[in-house]
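Enquirer: The structure follows.
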Amino acid sequence: WCHPIKSVFVKFPGDVIKNTTDVELAETYLKRFGYMEVQEKSGVRSLVSTSKALKKLQKQLGLEETGTLDKATVSAMKQPRCGVPDVHN
Amino acid sequence: YQTFPGDLKWDHNDITYRVLNYSPDMEESLIDDAFARAFKVWSDVTPLTFTRLYDGTADIMISFGKLDHGDPYPFDGTDGLLAHAYPPGEGIQGDAHFDDDEYWTLGNGPAVKTSYGNAEGAMCHFPFLFEGKSYSTCITEGRTDGLPWCATTADYDKDQKYGFCPSELLFTFGGNSDGAECVFPFTFLGKQYDSCTTEGRTDGYRWCATTANFDTDKKFGFCPNRDTAVTGGNSEGEPCQFPFIFLGKTYTSCTSEGRSDGKLWCATTSNFDTDQKWGFCPDKGYSLFLVAAHEFGHALGLDHSNIQDALMFPMYKYVADFSLNEDDIEGIQYLYGPKIPTKPSTTSSPVSTAKPTAQTPKPTAPTVPTTTPSVDACQVEIFDTITEIQGELHFFKDGLYWKTSNGGKGNHKGPFRISERWPALPAKINTAFEDHLTKKIYFFADTRFWVYNGQEVQGPRRIEKLGLPSTLQKVEGALQRGKGKVILFSGENFWRLDVKTQRIDKGYPRFTDQKFGGVPVDSHDVFLYKGHFYFCREIYYWRMNSRMQVNRVGYVKYDLLRC
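As they're listed, the protein sequences go chains R and U. The first sequence begins at 1 in our numbering and counts up one residue at a time. The second sequence begins at 90 in our numbering and counts up one residue at a time.
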């Protein structure tokens, strides 16, 4: 308990600092795992809105389907996972 | 559960796999075992069988890689993406890739398998007591040679059980040095190195020379990671250096000081302030078994599930006592159907063709017979035959056999009586081999052969039935060559048997020395073991690799039997 509360923060050489914002993280995540594109029956691909894509992700991951970038969704996006896309277009 | 568009699946049930390379995080046999258990998760609930190949092309090719590892989907360093796999099909389809920037364990921290010592390859037990002090990592205390070791029980002072931990001073893996240990210092491009290095490589794997001069000898191997090896940072794979100085203060263990994310780190030299060399401390890591079982689900045709407790749910979650979820079972059985219950294996089974005799005992798993004859395998000059069965080398002699333990790393066991495990066989066996695809075991004695499938036996039959000449006195060796082909040796000739058709292929016999140059043409035994061909004559063996190069000559007794 005698540890100093205020610590000194150091920049470590070679540290892969992922200082992406949550929005950037979401965009990359939704695109990488196939949520941003939908392939119509006719075979034509079309982009979906982020909100729709988020809802689809939240359904896949068993989260509350808010369609917004809420805390639980951001936390889930930061979890380690399989690299196979969730949606195949 | 979901399947891939078009219900992609394999059009055969006997699936083959091959492990192309290894991660330095765990000893090879631990990685092999994790993959084998991961396949068993699926074979337990379907008719699928999984057979490992050591060369050639398998349905499922397994490899470790970092970042851009050659396909269009690069990994992303530590954490994040752990692995990926492709649905069934040709080429890269069906393959599984694992991100080697992750720290691979069995899910509960460093998985350290010992070698040598007196613990027969047991795992380290952390923490353990040594001279009254508790240790949670491998140590060099008590030794002058710097070899890291650990106890394999909680209390070394009481139990005295120990083994050596993986380290570049003990062995290397991969490369071209057959596991030889590093030689320090060694010269590379004119510069001296006294520790493993990533110099000269772009994939970040640490390596060393196994002679004093790589520039002239070109002999190298990859360095296994020590249990205190760091991940990430700028010294990946190097061990923590304790004590180390940080901001003028001395640390004897990992710390999160200086970081806002709370992650534990250590320096890899004695002074971070001057050298700035560091990495993250080993944590629980990711269970290779669990991640592999998930990826192999993809390789069999399953897509991600939205059931959070299912194995095919996309997020990683460590589970100690794993079992498949109903959702996973429904998915895989939708593709391949349920497992076919196997027939009870008693000799009275109607399909067995062996003639039961009054002495045929009830088949049971081999146990050490209570009246073990006092024949010591190390006293045997020449064995009737040697072959690998279920991963262990078996040495047959005059009605008895011995077998290695622990995948060949432990002491040999036995003797056991042949008649107790294979009652139909005679005492003297000329050769034997296990068919990798069907797991059936073929035994040859003089001009007859038997085929054991578990406890069921077919035979004896005459070897002419296979298409061998009637003048042939005996078969002296056998080499499994994959794709259901086995090479049978006799005298200076060899024939190629197609196990499926049970016939010799056209164009044989051929002369042994035409294809297997550099080995004795009159070997009295030939067998395949861990991907190498062994030609035996008297007390010696000549070992040939898959590129038909003799890369070792040694003593059967010391190298294989470990006398």
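Cβ coordinates follow ideal geometry from the N, Cα and C atoms, glycine included.
(1) Rounded to the nearest angstrom, what separates Q281 of chain U and T287 of chain U at their Cα positions?
(2) Using the Cα positions of I396 of chain U and Q60 of chain R, report the straight-line distance between them to the nearest angstrom.
(3) Measure the C-alpha to C-alpha separation of P176 of chain U and T138 of chain U and round it to an integer number of angstroms.
(4) Mind checking whether D417 of chain U and L391 of chain U have CB atoms under 9 angstroms apart?
(5) Closest to D144 of chain U by C-alpha separation, out of U:A243, U:K604, U:D602, U:H621, would be which residue?
(6) My assumption, with CB atoms under 8 angstroms, is that D316 of chain U sits in contact with P216 of chain U. Please give the rounded CB distance.
(7) Comparing C-alpha positions only, which one of U:F485, U:D121, U:F369 sits nearest to E346 of chain U?
(8) Take L238 of chain U as the anchor and find which of U:G264, U:F538, U:A208 has the nearest alpha-carbon.
(9) Take the Cβ of L80 of chain U as the centre, count every other Cβ of all protein chains shown within 10 Å, and call the residue buried at 16 or more, exposed below.
(10) Can you check whether the C-beta of A382 of chain U is within less than 9 angstroms of a C-beta belonging to chain R?
(11) Can you give me, in chain order, the residues of the segment 398 to 426 of chain U that have a beta carbon less than 7 angstroms from any beta carbon in chain R?
(12) If distances are taken between C-alpha atoms only, which option among U:K98, U:Q422, U:S359 comes closest to T341 of chain U?
(13) Write down the C-beta distance between L424 of chain U and T92 of chain U rounded to the nearest angstrom, noting that I regard them as a contact closer than 8 angstroms.
(14) Output the residue ranges of the beta strand (DSSP E) runs that lie fully inside the segment 256 to 323 of chain U and measure 3 residues or longer, sorted by chain position.
(15) If you run the structure through DSSP and keep just helix, strand and coil, what is K486 of chain U?
(16) State the start and end residues of the unbroken beta strand (DSSP E) segment that holds H387 of chain U.
(17) Return the first residue and the last residue of the beta strand (DSSP E) that A399 of chain U is part of.
(18) To which residues of the same chain is T194 of chain U closer than 6 angstroms at the C-beta, ignoring the five residues directly before and after it?
(19) Determine the DSSP secondary structure at R32 of chain R, reduced to helix, strand or coil.
(20) How many angstroms separate the CA atom of F583 of chain U from the CA atom of C467 of chain U?
(21) By a C-beta neighbour count over all protein chains shown, 10 Å radius and 16 as the cutoff for buried, is V642 of chain U buried or exposed?
(22) Please determine, among U:R636, U:V639, U:T241, U:Y630, the residue with the shortest C-alpha to C-alpha distance to Y647 of chain U.
(23) D168 of chain U touches chain R at which residues, Cβ-Cβ below 7 angstroms?
(24) Let me check one thing: in DSSP terms, what residues is N360 of chain U bridge-paired to?
(25) Does DSSP put Y90 of chain U in a helix, a strand or coil?
(26) Within 9 angstroms (strictly less), CB to CB, does K387 of chain U reach chain R?
(27) Does DSSP classify L650 of chain U as helix, strand or coil?
(28) What residue ranges within the segment 548 to 626 of chain U form continuous alpha helix (DSSP H) runs of no fewer than 4 residues, ordered along the chain?
(29) Looking at the C-beta of L109 of chain U, does it have a partner C-beta in chain R at a distance below 9 angstroms?
(30) F9 of chain R: buried (16+ other C-beta within 10 angstroms of its C-beta) or exposed?
(31) Do the CB positions of T474 of chain U and G321 of chain U come within less than 9 angstroms of each other?
(32) Can you pull the chain U neighbours of G14 of chain R, defined as C-beta to C-beta under 7 angstroms?
(33) What are the start and end residues of the beta strand (DSSP E) that includes V639 of chain U?
(34) So if I threshold CB-CB distances at 8 angstroms, which residues from the segment 60 to 84 of chain R count as touching chain U?
(35) Spell out whether any CB of chain R is found under 9 angstroms from the CB atom of P94 of chain U.
(36) Would you mind sorting S49 of chain R into buried or exposed? The rule is 16 or more other CB atoms within 10 Å of its CB.
Expert: According to the structure data:
(1) 14 angstroms
(2) Our two residues, I396 of chain U and Q60 of chain R, have alpha carbons roughly 8 angstroms apart in a direct line.
(3) 17 angstroms
(4) yes
(5) U:H621
(6) Not confirmed; about 13 angstroms, so no contact.
(7) U:F369
(8) One point to set straight first is that residue 238 of chain U is Trp, not Leu, in the sequence displayed. The shortest Cα separation from W238 of chain U among U:G264, U:F538, U:A208 belongs to U:A208.
(9) In the structure as shown, chain U starts at 90 and stops at 652, and residue 80 of chain U therefore has no counterpart that could be examined.
(10) no
(11) P403, M404, Y405
(12) Of the listed residues, the one whose Cα sits closest to T341 of chain U is U:S359.
(13) 6 angstroms
(14) 275 to 277, 280 to 282, 296 to 298, 309 to 311
(15) Residue state, collapsed to three classes: strand.
(16) Not the beta strand (DSSP E): H387 of chain U falls in the alpha helix (DSSP H), residues 377 to 389.
(17) Neither: A399 of chain U is in no beta strand (DSSP E) and is coded neither H nor E.
(18) A200, G374
(19) Looking at R32 of chain R - three-state DSSP - the assignment turns out to be helix.
(20) Each residue's Cα considered, the two are about 30 angstroms apart.
(21) exposed
(22) Per the Cα distances, U:Y630.
(23) For D168 of chain U, the chain R residues whose C-beta falls within less than 7 angstroms of its own C-beta are P80, listed in chain order.
(24) The secondary-structure analysis by DSSP pairs N360 of chain U across a beta bridge with U:I334.
(25) coil
(26) Looking at the sequence shown, residue 387 of chain U is not Lys but His. Yes, H387 of chain U counts as interfacial toward chain R.
(27) coil
(28) 601 to 604
(29) no
(30) F9 of chain R comes out exposed.
(31) no
(32) Here the neighbours are G322, N323.
(33) 639 to 644
(34) Q60, L61, G62, A76, Q79, P80, R81, C82, G83, V84
(35) yes
(36) exposed
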